[in-house]
Amino acid sequence: TPDIQPALSADLIAPVTPARGTRRYRVAMLTGCAQDLIFSDVNVDTVEVLARNGCEVITPPEQSCCGSLHAHNGEWELAQRLARRNIDQFPPDQFDAIITNAGGCGSHLKHYAALLKGDLVYEQRAHAWDKKVKDIHEWLAQIGIEPPKSSSPSPLGGERAEVRGETLITYHESCHLCHGQKITAQPRALLKAIPGVKLVELPESNWCCGSAGIYNLTQPEMANQLLERKMKHIRSTGAEVIATGNPGCLLQIVNGAKAEGLNLRTAHPVTLLAEAYRKE
328 TPDIQPALSA DLIAPVTPAR GTRRYRVAML TGCAQDLIFS DVNVDTVEVL
378 ARNGCEVITP PEQSCCGSLH AHNGEWELAQ RLARRNIDQF PPDQFDAIIT
428 NAGGCGSHLK HYAALLKGDL VYEQRAHAWD KKVKDIHEWL AQIGIEPPKS
478 SSPSPLGGER AEVRGETLIT YHESCHLCHG QKITAQPRAL LKAIPGVKLV
528 ELPESNWCCG SAGIYNLTQP EMANQLLERK MKHIRSTGAE VIATGNPGCL
578 LQIVNGAKAE GLNLRTAHPV TLLAEAYRKE
């Protein structure tokens, strides 16, 4: 299992990050729960990429859970309280977009209006909120990214990539991202925009890895069967890097690679893009 990050997003990201160059958009950044605890570096990368592409990024140091796991497990009142709290903290009329980089969170965050249906105070605000929530891949595809300028071979895959002159990357689709949010082409386009990267399609890329929120905790036997199938397909690609846009999937695949002794890097696509920018 990946180590818990030595610092949380609040210690790493300023409350206001100015756009690099001309400000085109003003966006809010949702740092998440598991994402913040285990992958706060991905949040740093996300803010950096947004700023690089003309976004002023607002990242409050204290944030609330999106409420997805509460809703999935029938804790409706708590999920509703969390939704109201988020709408209050991130008024949708003050931002061009409200950014999430976690597929599981985003799938829930985009449906606050259904969660708060009948709420005389919040239902209309929730409709406005739903329209502003964007997955990071979705938003970058919408606004258009500045391609990294470096044309040198990417070192992301280690020594094999250095010798060959390119990094083989494959992409696993988070269920909540591809099925829940219908976001499939955008992460692939982002990866293809990175110099020195060759994207290899993963067989059954849109099949579950077994993480599925807390499924790997409540149904470990079935979750492990799904993971074994996923790892078999990852091995078949010969990729040095597996990219995916959800922390639960990242955790699951990291554990699968360690269990099999694979020399495989797992990374969020936005991390790979941020690294390419830093190489310039």
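The sequence shown: position 242 = 569 (this note's numbering), numbered continuously. Idealized CB from N, CA, C, for every residue including glycine.
By the DSSP assignment, the alpha helix (DSSP H) with residue i in it spans what residues?
i	result
CYS576	574-587
TYR439	439-442
ARG347	First-last for ARG347: undefined, no H or E at that position.
LYS519	512-519
THR564	547-564
LEU467	463-470
LEU339	336-339
LEU436	430-436
Please report the straight-line C-alpha distance between residue i and residue j, rounded to a whole angstrom.
i	j	result
LEU377	GLN552	37 Å
ILE496	GLY445	46 Å
THR494	CYS576	21 Å
ILE569	PRO522	17 Å
ALA341	ASP363	14 Å
LEU554	CYS393	26 Å
ASP457	VAL524	34 Å
GLU473	ARG379	8 Å
ARG351	GLU383	8 Å
GLN513	ASP462	10 Å
HIS464	GLY471	10 Å
ALA566	THR373	24 Å
LEU396	LEU405	10 Å
ALA594	VAL527	15 Å
ALA355	THR545	33 Å
LEU591	THR598	16 Å
GLN583	ARG515	Residue 583 is actually Gly in this sequence, not Gln. GLY583 and ARG515: Cα-Cα distance of roughly 23 Å.
GLN451	PRO418	12 Å
TRP534	MET549	13 Å
TYR449	HIS399	21 Å
ARG605	PRO596	15 Å
HIS438	TRP403	13 Å
ALA361	ARG556	25 Å
GLY359	GLY492	36 Å
ASP415	ALA440	14 Å
Tell me, to the nearest whole angstrom, how far the beta carbon of residue i is from that of residue j; I am working on the premise that it is less than 8 Å.
i	j	result
MET558	GLU587	6 Å
GLY381	THR344	Contact flag wrong, Cβ pair sits at about 12 Å.
ASP420	ALA455	7 Å
THR571	ILE561	With a Cβ gap of about 10 Å, THR571 and ILE561 do not count as contacting.
SER501	GLY401	The Cβ separation is near 23 Å, so there is no contact.
Taking 8 Å as the cut-off, decide whether the C-beta atoms of residue i and residue j are in contact.
i	j	result
ASN413	SER391	yes
LEU578	SER532	no
LYS476	ALA424	no
ILE385	GLN332	no
LEU600	LEU517	yes
VAL503	ASN573	Per the sequence shown, the amino acid found at residue 503 is His instead of Val. Yes; because the gap between Cβ atoms is below 8 Å, this pair is in contact.
SER563	GLN508	no
LEU467	TYR498	no
ARG353	PHE422	yes
GLN407	LEU442	yes
ALA429	PRO388	no
SER367	LEU409	no
THR427	LEU335	no
For the beta strand (DSSP E) containing residue i, list its first residue and its last residue.
i	result
ARG353	352-356
TYR604	Note, TYR604: premise wrong, no beta strand (DSSP E); alpha helix (DSSP H) at 596-605.
VAL448	Careful: VAL448 lies outside any beta strand (DSSP E) and carries neither H nor E.
LEU504	Taken as a continuous stretch (DSSP letters only), LEU504 belongs to no beta strand (DSSP E), as it is neither H nor E.
THR297	Because residue 297 is not part of the residues shown, which for the chain are 328 to 607, the question remains open.
ILE365	Segment 361-365 is the alpha helix (DSSP H) holding ILE365; no beta strand (DSSP E) there.
LEU526	524-527
ALA570	568-570
ALA539	It is not in any beta strand (DSSP E) - ALA539 carries neither H nor E in the DSSP assignment.
What are the complete beta strand (DSSP E) segments, minimum 3 residues, inside the stretch 374-421? 382-385
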